[in-house]
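Structure record follows, encoded as structure tokens.
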Amino acid sequence: MTKYDWLLLFHLLGAFLFVSGAVVAGILHFAATRREQPSEVALLLRLTQPAVALVAVGSLATLALGIWLAEYVGYGIGEGWVVAAIVLWAVSGALAGPAGKILRRARELAERLAQADDRPSTELRRAVTDRRAIVLNSLSFAALIAILVLMVWKP
Amino acid sequence: MRNDWLLFFHVLSAMVLFAGVLAVVTVSTAAARHAWPTQLPLLRVIAFRTNLLVVLPGFIAVHVFGDLLANREFKDSTPDWLDIGFAITDGGLIVGGVLLTLLQFWVLRRTRAGQTGGWPAQVATILPPLVLAALVAVLVLMAAKPVG
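If you want it as structure tokens, here you go:
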């Protein structure tokens, strides 16, 4: 395998972890929105933590190896589509960050309620189905898809 | 359909497939190790539904778009890395898509009936990481094209 092959392989692995982590967190969050019992909501939101860690590792690996790969192949990071991908990468992170904080507060509330009497609560329901978190995460994911479009078409 | 569109949908479906299997690994492992007995049906139902609604369609989509792409790019003969990639994906579709979905349905029914352990639950926990490893192997083949 050449250096190019290795760079491409780990760039793709990073991208797969990035997108997969986001989808896994989305699936678990969606499942949590459909549960009432605080202990179940807490369990599902706790399970998003390893997925979020994968998003962090994958996003950093994708960016670093992507820039290295672009330089190695001769595109350079000044190319329009490369700049646009880096901007979208930053936008995706900037949108997912606040959404993560909202869901972390929801998880902490679910854990407190689970330790108390584990009864359904309207406050927890509101926290888990918070529209801001859903919209921010959806926009963040749309930015990832836009990056994939740029990587395939390289306009 | 132009090759760029096929490549886009092939990669996107591969990412969704990878994510689906990763989600199944996450909830199956949690069911085996961390969950309270009352939470097991919840985790088993997520594993089953994710396998049915994400992993199974993901395997089919990645195969269909991959096949269309391969037919356009390799008109005469296909390289070894592609044949091996298709063979692993087909095996993954049968084992990780069809058999694992049926097994998870069975495990879910057993869990709801109060039978939380046994070999079906163990196999349903062990198989998803193996399917994920197979997908990583295919990804290595697609990226590095190491043989043929």
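In order, the protein sequences belong to chains W and E.
Position one of the first sequence corresponds to residue 1 (the numbering used here), numbered consecutively onward.
Position one of the second sequence corresponds to residue 156 (the numbering used here), numbered consecutively onward.
Glycine is no exception: its CB is placed at the ideal position from the N, C-alpha and C atoms.
Chain E contact residues for residue i, given Cβ-Cβ distances below 7 angstroms
{"i": "S121(W)", "result": "Under the 7 angstroms cutoff, chain E gives no residues; its nearest Cβ is about 18 angstroms from S121(W)."}
{"i": "W153(W)", "result": "D159"}
{"i": "S20(W)", "result": "M170, F173, A174, L177"}
{"i": "L9(W)", "result": "V295, A298, A299"}
{"i": "A156(W)", "result": "Residue numbering for chain W in the displayed model covers 1 to 155; residue 156(W) lies beyond these limits and cannot be assessed."}
Cβ-based neighbour list, residue i, same chain, cut-off 7 angstroms, excluding 5 preceding and 5 following
{"i": "V262(E)", "result": "R199, P275, A276, A279"}
{"i": "P98(W)", "result": "L136"}
{"i": "G76(W)", "result": "A70"}
{"i": "S168(E)", "result": "G213, A216, V217, F220"}
{"i": "A225(E)", "result": "T233, L237"}
{"i": "G100(W)", "result": "V52"}
{"i": "L9(W)", "result": "none"}
Rounded Cβ spacing between residue i and residue j (contact assumed at less than 8 angstroms)
{"i": "R107(W)", "j": "A42(W)", "result": "6 angstroms"}
{"i": "V210(E)", "j": "G272(E)", "result": "Going by Cβ atoms, the distance from V210(E) to G272(E) rounds to 24 angstroms, so no, they are not a contact pair."}
{"i": "V217(E)", "j": "T244(E)", "result": "7 angstroms"}
{"i": "D5(W)", "j": "A288(E)", "result": "Going by Cβ atoms, the distance from D5(W) to A288(E) rounds to 20 angstroms, so no, they are not a contact pair."}
{"i": "F173(E)", "j": "F16(W)", "result": "5 angstroms"}
{"i": "A22(W)", "j": "F141(W)", "result": "6 angstroms"}
{"i": "G93(W)", "j": "S59(W)", "result": "7 angstroms"}
CB of residue i within 7 angstroms of CB of residue j, strictly
{"i": "H11(W)", "j": "L65(W)", "result": "yes"}
{"i": "L177(E)", "j": "S20(W)", "result": "yes"}
{"i": "L88(W)", "j": "I147(W)", "result": "yes"}
{"i": "L290(E)", "j": "G240(E)", "result": "no"}
{"i": "L47(W)", "j": "A185(E)", "result": "yes"}
{"i": "V52(W)", "j": "A25(W)", "result": "yes"}
{"i": "L103(W)", "j": "L124(W)", "result": "no"}
{"i": "D130(W)", "j": "P38(W)", "result": "no"}
{"i": "L197(E)", "j": "E40(W)", "result": "yes"}
{"i": "A143(W)", "j": "V82(W)", "result": "no"}
{"i": "P283(E)", "j": "V171(E)", "result": "no"}
{"i": "P155(W)", "j": "E36(W)", "result": "no"}
{"i": "V152(W)", "j": "F163(E)", "result": "yes"}
{"i": "G246(E)", "j": "V286(E)", "result": "no"}
First through last residue of the alpha helix (DSSP H) which encompasses residue i
{"i": "F260(E)", "result": "255-267"}
{"i": "D222(E)", "result": "211-228"}
{"i": "V87(W)", "result": "80-116"}
{"i": "Q49(W)", "result": "38-73"}
{"i": "L21(W)", "result": "Checking the sequence, you will find Gly at residue 21(W) rather than Leu. Unbroken alpha helix (DSSP H) run through G21(W): 3-33."}
{"i": "D130(W)", "result": "Premise fails: D130(W) is in no alpha helix (DSSP H) and is neither H nor E."}
{"i": "L167(E)", "result": "158-188"}
{"i": "T280(E)", "result": "274-299"}
{"i": "T244(E)", "result": "235-247"}
{"i": "T205(E)", "result": "195-205"}
Interface partners of residue i on chain W, CB under 8 angstroms
{"i": "P275(E)", "result": "Simply none; closest approach about 22 angstroms."}
{"i": "T205(E)", "result": "I27"}
{"i": "A185(E)", "result": "L43, L47"}
{"i": "Q259(E)", "result": "What Q259(E) touches in chain W: nothing, since even the nearest Cβ is about 15 angstroms away."}
{"i": "T181(E)", "result": "V24, L28, L47, P50, A51"}
Own chain residues within Cβ distance below 8 angstroms of residue i, not counting five before or after
{"i": "T256(E)", "result": "F203, N206, L207, V210, L211"}
{"i": "R227(E)", "result": "N158, L161"}
{"i": "R105(W)", "result": "A127"}
{"i": "R265(E)", "result": "T271, G273, P275, A276"}
{"i": "R132(W)", "result": "P98, A99, I102"}
{"i": "L7(W)", "result": "L65, W68, L69, Y72"}
Per-residue contacts from residue i into chain W (C-beta, under 9 angstroms)
{"i": "P301(E)", "result": "M1, D5"}
{"i": "T271(E)", "result": "In chain order: nothing, as chain W lies at least about 16 angstroms away."}
{"i": "A289(E)", "result": "Correct list: empty, because the minimum Cβ distance to chain W is about 14 angstroms."}
Contacts of residue i in chain E (Cβ-Cβ under 9 angstroms)
{"i": "V23(W)", "result": "M170, V171, F173, A174, G175, L177, A178, V209"}
{"i": "A106(W)", "result": "Near A106(W) there are no residues of chain E at all, since even the closest Cβ is about 17 angstroms away, more than 9 angstroms."}
{"i": "F141(W)", "result": "Simply none; closest approach about 11 angstroms."}
Where residue i meets chain E, residues with beta-carbon distance less than 8 angstroms
{"i": "V149(W)", "result": "F163"}
{"i": "E40(W)", "result": "Q194, L197"}
Cβ neighbours of residue i in the same chain (closer than 6 angstroms, five flanking residues each side left out)
{"i": "I201(E)", "result": "V182"}
{"i": "A61(W)", "result": "G14"}
{"i": "L54(W)", "result": "L17, G21"}
{"i": "Q259(E)", "result": "A202, F203, N206, A279"}
Legend entry - Interface positions of the region 50-69 of chain W facing chain A (Cβ-Cβ less than 9 angstroms), listed along the chain: Considering every chain present, this structure includes no chain A. Its protein chains are W and E.
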